[in-house]
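Reading through the structure tokens given below for one structure.
Residue numbers (this note's numbering): 6 to 85.
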């Protein structure tokens with residue numbers, strides 16, 4: 006599923022990042038890598054999100070959050 010389809014408060018594991026290569030590199034530098042747990046903190050009606058990843062809050066627009074594919078994080082996932 007896409008990251009922006011997740012529920013507020015839900016923790017998900019990044020499966021794949023499918024956005025422009027330049028944006029992908031920037032997200033990786035910020036810690037949004039495959040298998041990294043992320044928690045959705047807030048969602049806006051426009052599709053933008055605020056997520057927590059590796060202890061840092063990030064705001065993502067709809068286009069970027071559409072390009073991040075996630076899967077449900079298991080109970081053994083670290084808190085993002």
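Note that beta-carbon positions come from the ideal geometry of N, C-alpha and C, so glycine has one too.
Hey, out of the options, whose CA is closest to residue i's CA?
i, options, result
"residue 57", "29, 45, 34", "45"
"residue 9", "52, 76, 37", "52"
"residue 14", "63, 48, 59, 75", "48"
"residue 64", "38, 39, 32, 40", "32"
Given residue i, which residues of its chain have a CB within under 7 Å of its CB, disregarding the five upstream and five downstream residues?
i, result
"residue 30", "none"
"residue 71", "7, 9"
Since I believe residue j is in contact with residue i (beta carbons under 8 Å), could you give me their beta-carbon distance rounded to a whole number of angstroms?
i, j, result
"residue 18", "residue 42", "6 Å"
"residue 20", "residue 76", "5 Å"
Going by the CB atoms, is the gap between residue j and residue i shorter than 7 Å?
i, j, result
"residue 24", "residue 55", "no"
"residue 59", "residue 79", "no"
Give a yes or no on whether the minimum CB-CB distance between residue i and chain E is below 7 Å.
i, result
"residue 30", "Although the question refers to chain E, the structure presented lacks it and comprises just one protein chain."
At a cut-off of 6 Å, is residue i close to the ligand SAM when judged by its beta-carbon and the heavy atoms of the ligand?
i, result
"residue 72", "The ligand SAM is not part of this structure, which contains no ligands at all."
CB-CB under 6 Å to residue i, same chain, minus the five flanking residues each way: which ones, in chain order?
i, result
"residue 73", "8, 22"
"residue 39", "19"
**Secondary structure, beta strand (DSSP E): runs of 3+ residues fully inside the segment 18 to 48** = 42 to 48
Which parts of the segment 50 to 84 are runs of the alpha helix (DSSP H), unbroken and 4 residues or longer, counting only runs that do not cross its ends?
67 to 71
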